[in-house]
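**Q**
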Amino acid sequence: MPETKEATISRIIFQKPDNPWKSLKMSNGETWVGEIPDVTPGMLVKAEGHYFTHKKYGLQFQIDRVESAVLPGVDGIEAWLTYRLPQIGKQRAKALVKRFGEDLWDVIDEDPGKLTVVKGITKDRAKEIAECYREHREEQRLVAMLVDLGLGMGHALKAFKTFGLSLDAAVEEDPYCLMDVEGVSFDDADRVAMEMGLDKRDPRRVRAYARSVLEAELNEGHCYAPLGEMVALIARWNIPTPVVEEALEESPRLVLRHNDDAILLDRIEHAENVVAGTIRELTTRKPGEAQVPILPDWLDPEQKEAVIGLLNAPVAVLTGGPGTGKTTTLKTALSAIEAQGERIRCAAPTGKAARRMEEVTERHSSTVHRLLEWTPAGWKRDATNPFEANVIIIDESSMVDVELFASVCEALGGARLIIVGDPNQLPSIGPGQVLFDLIRSGALPVFELKTIHRQAGESWVVDNARLIIEGHDPALADTADFTFHALEESDAIVEAAMQLYRDDPEVQILTPEHRNGAGTILLNNELQSVLNPNSNDRWASYLEAGGYKIYAGDKVLYTKNNYDIHLVNGDVGRVLDVYTRGDDIIALVDFSGKENPDHPEGRWELTGPEARPLTLAYAMTVHKSQGSEWPNVGIITDKAHWSLRRQLLYTAVTRTYKRLSILGSAEAVSRAVKRPPDTLRRTLLQEKLNT
């Protein structure tokens, strides 16, 4: 049963920058652990949680929820002063408490000069103590104000970090400014607004609600919502339609396009405008007049036309399905472009896709984020600091959302742009469907490769991928490079996946979902328990990350771009060891095909925030597999996976270049094929490209 405890922090045993998890030694002698935002020794903490026994550190109190963390009483002053102002030193802090006792806070606030009676406290140091106390007191006041208004303490602390001492004025002006704080939803901000007495029909509430709806639409890939539907939705609050429209029109963050019956966030309007404007400008440029090289005879007419077009066009798309020779065509075109003295920069959306592009083109490639030179403050490459290249190539462009693509467009300068991808694959996780819209618009040259270069029956993927995307059931009879395992139950699917790993430890299992049926969670836990003996050893060290206990021997996936440590989203590796160093639990990981220049053996020692993006990779979602290829792939088609649809299945089957297995239900395959491609996203890019 949860318990509520209250104690003063004696010291912070363990914490790391940008990581809310802490281990605290409390005044009652206990060790408390959990996610505790921005606290200091000496603070009085009230928290709800439960006791558990750590195998190494013994009995601890796990914090589930922090109710309050406030400035200390007299018992905590010494610890607070020592932590906040380490230059004072423990002895002087002790002397201050002894000299002034409970009056110390008042002395610091009202007459800090009195502090100089303690030896070693100069006037400057007394002033520094007062300033530190007042700033921290104001933080506590503002945080307490928001907590009293119904905002959670963690969010309240983040709000102070976002707005600083202007938080009070910002919330008074518009309580929905809290939605700019990471993790604060409309409902959170609305609770504060209602506690403040805001009218439910206040224009600020109308605008904030519209923003929250549009943010949810972005998560579904849409760039806008129908304006009429939005107005009708808000009008249910008994607000006249003209009043709703007027409130929305007054928002600097919203754009209303009455002729298109669309409302969208201003940043999405800007992104679509940038893309459309850039493509229109590029198409007005005069194509180059480079001499056409002698092309290999083994290129078919479509491929030759594409090479010649890419050699000269200011902007163009190269597209085609599996087996059409897209990679060969691109590689030939790049050689011809370089031969005429142009400097090329190649990029793809994920690290795995960039590395694969580098392998097949034999040219350096980076992620799009690295191409743009991402920093926490924003992109280094933009209109004022464009790319230092003549030609920019973006591969796997179906994965690029409209905002990222707009950033590329803004940094082009005078460079040409070549866009490579397959619009039949899954669209970007972020908003828009840029590649699909560019091809459908007819606004720029598109070189589509259609001729299959492998003989019929030579590749199951080549023969059946087109059937899938056209809405026809694939052939499920076994071939030399394909096996169908007809299985109806999730447990049987998991057992078949285990057998695939026993037959080939390098196989990659792909599944549509995380949680339902044979999703990543069930598969990774079950596969780990069978394939990695360390997971069954009660004494084996492990690292907790990605919702799993990760042991030496585990196959892992890195799910975040972290250029500081040379790792990117999509890197797959093997854990060589898990050990402790001081209070840190460290995973030593070998990411296949990569070497860490900062480690003597080229490995990665991951701990704390750097380790959090790790997750088990015996199975991964199809979305995570985009941009990657493996020689042997197993695809899960569990009847419980209702998210399995045509594009998802097409993307999954095209992740292999050698052998494919489907594990699951033929009914689920057929159901997926009959569900149309997810290309029905609401965007305005096509329209803007054609105006």
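The opening residue of the sequence shown carries number 1367 in the numbering used here; numbering runs sequentially from there. We treat Cβ as the ideally placed atom computed from N, Cα and C, and that holds for glycine.
Between which residues of its own chain and S1807 is the CB-CB distance below 7 Å, once the five residues before and five after are set aside?
**A** If you number the sequence shown from 1, residue 1807 lands on position 441. Hits under 7 Å: Q2052, L2055 and N2056.
**Q** Buried or exposed for L1531, going by 16 or more other Cβ atoms inside 10 Å?
**A** Your numbering for residue 1531 matches position 165 in the sequence shown. Classification for L1531: exposed.
**Q** What are the boundary residues of the alpha helix (DSSP H) that includes A1459?
**A** On the sequence shown, position 93 is the one that residue 1459 refers to. A1459 -> alpha helix (DSSP H) spans K1456 to F1466.
**Q** Would you decide whether V1800 is buried or exposed? Buried here means 16 or more other CB atoms lie within 10 Å of its CB.
**A** Here residue 1800 corresponds to residue number 434 of the sequence shown, with the count starting at 1. By the 10 Å Cβ count, V1800 comes out buried.
**Q** Quick check: what's the CA-CA separation for P1752 versus K1527?
**A** Translated into positions along the sequence shown, residue 1752 becomes position 386. Translated into positions along the sequence shown, residue 1527 becomes position 161. Distance between the alpha carbons of P1752 and K1527: 33 Å.
**Q** Please classify V1597: is it buried, with 16 or more other beta-carbons within 10 angstroms of its beta-carbon, or exposed?
**A** The residue labelled residue 1597 in the question sits at position 231 within the sequence shown. It counts as buried.
**Q** Sort T1987, G1687 and I1605 by Cα distance to E1879 and report the nearest one.
**A** Here residue 1879 corresponds to residue number 513 of the sequence shown, with the count starting at 1. Ranking T1987, G1687 and I1605 by Cα distance to E1879 puts T1987 first.
**Q** Do three or more CB pairs link the segment 1705 to 1719 to the segment 1732 to 1746 at distances below 8 Å?
**A** Cβ pair count under 8 Å is three or more, so yes.
**Q** Looking at the strands, I want to know which residues DSSP matches up with C1712.
**A** Within the sequence shown, residue 1712 is the residue found at index 346, counting from 1. DSSP, once it has assigned bridges, lists S1731 and I1759 as partnering C1712.
**Q** Just mark P1997 as buried or exposed, buried being the case when its beta carbon has 16 or more other beta carbons within 10 Å.
**A** Taking the sequence shown and counting its residues from 1, the one referred to as residue 1997 is at position 631. Classification of P1997: exposed, given that the 10 Å Cβ count is below 16.
**Q** If I follow the unbroken beta strand (DSSP E) through A1413, where does it start and stop?
**A** Within the sequence shown, residue 1413 is the residue found at index 47, counting from 1. Looking at the DSSP string, the run of the beta strand (DSSP E) that includes A1413 is L1410 to H1420.
**Q** Which one of I1600, H1819 and G1415 has the shortest CA to CA distance from V1572?
**A** The residue you call residue 1572 lines up with position 206 of the sequence shown. Of the listed residues, the one whose Cα sits closest to V1572 is I1600.
**Q** What do you reckon, are the CB atoms on G2030 and T2003 nearer than 7 Å?
**A** Translated into positions along the sequence shown, residue 2030 becomes position 664. Translated into positions along the sequence shown, residue 2003 becomes position 637. Yes, they are a contact pair.
**Q** Less than 8 Å between the CB atoms is what I'm expecting for P1541 and A1559, so what's the real figure, rounded?
**A** Residue mapping note: residue 1541 aligns to position 175 of the sequence shown, counting from 1. Residue mapping note: residue 1559 aligns to position 193 of the sequence shown, counting from 1. About 4 Å separates the two Cβ atoms, so the contact holds.
**Q** Enumerate, from N- to C-terminal direction, the unbroken beta strand (DSSP E) stretches of 3 or more residues contained entirely within the segment 1873 to 1957.
**A** Runs of the beta strand (DSSP E) inside the segment 1873 to 1957: 1874 to 1877, 1909 to 1911, 1914 to 1916, 1921 to 1924, 1938 to 1947 and 1950 to 1957.
**Q** Assuming contact is defined by CB atoms lying nearer than 7 Å, are A1953 and A1985 in contact in what I supplied?
**A** Here the question's residue 1953 lines up with position 587 in the sequence shown. Here the question's residue 1985 lines up with position 619 in the sequence shown. No, they are not a contact pair.
**Q** Could you please give the first and the last residue of the uninterrupted alpha helix (DSSP H) stretch that includes K1524?
**A** Translated into the one-based positions of the sequence shown, residue 1524 becomes position 158. From DSSP, the alpha helix (DSSP H) with K1524 extends over M1519 to F1529.
**Q** For D1937, collect the residues of the same chain with a Cβ closer than 8 Å to its Cβ; drop the 5 residues on either side in sequence, then sort them by chain order.
**A** What you label residue 1937 is simply residue 571 of the sequence shown in a count that begins at 1. Closer than 8 Å at the Cβ level, and outside the excluded window around D1937, lie G1717, K1718, L1923, Y1924, F1957 and K1960.
**Q** According to DSSP, which residues form a beta bridge with T1374?
**A** The sequence position of residue 1374 within the sequence shown is 8, counting from 1. DSSP output for T1374 lists L1410 as bridge partner(s).
**Q** Can you give me the C-alpha to C-alpha distance between N1935 and K1926, rounded to a whole angstrom?
**A** Residue numbering aside, residue 1935 sits at position 569 when the sequence shown is read from its first letter. Residue numbering aside, residue 1926 sits at position 560 when the sequence shown is read from its first letter. So the two alpha carbons sit approximately 4 Å from each other.
**Q** From which residue to which residue does the beta strand (DSSP E) around V1399 run?
**A** The residue given as residue 1399 occupies position 33 in the sequence shown. V1399 -> beta strand (DSSP E) spans T1397 to E1401.
**Q** Note the first and the last residue of the continuous alpha helix (DSSP H) segment covering T1607.
**A** In the sequence shown, counting from the first residue as 1, residue 1607 sits at position 241. First-last of the alpha helix (DSSP H) with T1607: T1607 to E1615.
**Q** Are S1389 and V1405 close, meaning C-beta to C-beta below 7 Å?
**A** Start at 1 with the first residue of the sequence shown, and residue 1389 comes out as number 23. Start at 1 with the first residue of the sequence shown, and residue 1405 comes out as number 39. No. Outside cutoff.
**Q** Does DSSP put S1856 in a helix, in a strand, or in coil?
**A** Locating residue 1856 in the sequence shown gives position 490, where the first residue counts as 1. It is helical.
**Q** Confirm, please, whether the CB-CB distance from V1681 to L1810 is below 7 Å.
**A** The sequence position of residue 1810 within the sequence shown is 444, counting from 1. The sequence position of residue 1681 within the sequence shown is 315, counting from 1. Going by C-beta atoms, L1810 is nearer than 7 Å to V1681.
**Q** Look up R1503 in the DSSP assignment and say whether it is helix, strand or coil.
**A** Mapped onto the sequence shown, residue 1503 falls at position 137. Helix at R1503.
**Q** Suppose the cutoff is 7 Å on Cβ atoms and the five residues either side in sequence are ignored; what does the same chain contact list for G1486 look like?
**A** As a working mapping, residue 1486 is identified with position 120 in the sequence shown. Here the set comprises R1458.
**Q** Let me know the secondary structure DSSP gives H1851 once reduced to three states.
**A** Within the sequence shown, the letter at position 485 stands for residue 1851. DSSP places H1851 in strand when its eight states are reduced to three.
**Q** Per DSSP, F1813 is paired with what?
**A** Translated into positions along the sequence shown, residue 1813 becomes position 447. Per DSSP, L1684.
**Q** Let me check one thing: in DSSP terms, what residues is E1971 bridge-paired to?
**A** One-based indexing of the sequence shown puts residue 1971 at position 605. DSSP output for E1971 lists L1954 as bridge partner(s).
**Q** Is it the case that the Cβ atoms of V1621 and D1632 are separated by a distance below 7 Å?
**A** On the sequence shown, residue 1621 is found 255 positions in, with the first residue counted as 1. On the sequence shown, residue 1632 is found 266 positions in, with the first residue counted as 1. Yes.
**Q** Report the residue from L1972, R1940, I2001 and H1989 whose alpha carbon sits nearest the alpha carbon of L1982.
**A** By one-based count along the sequence shown, residue 1982 stands at place 616. Measuring from the Cα of L1982, the nearest candidate turns out to be R1940.
**Q** Give the range of the beta strand (DSSP E) segment to which P1997 is assigned.
**A** Position 631 of the sequence shown holds residue 1997. Its beta strand (DSSP E) spans residues W1996 to T2003.
**Q** Classify E1369 as helix, strand or coil using the three-state DSSP reduction.
**A** Translated into positions along the sequence shown, residue 1369 becomes position 3. The answer is strand: DSSP assigns E1369 an E or B state.
**Q** According to the neighbour-count rule (16 or more other Cβ atoms, all chains shown, within 10 Å of its Cβ), is P1789 buried or exposed?
**A** Position 423 of the sequence shown, counted from the first residue, corresponds to residue 1789. Burial call: buried.
**Q** Can you list, in chain order, the residues of its chain whose CB lies under 7 Å from that of E1561, leaving out five sequence neighbours each side?
**A** Translated into the one-based positions of the sequence shown, residue 1561 becomes position 195. So the qualifying residues of the chain are L1515 and G1516.
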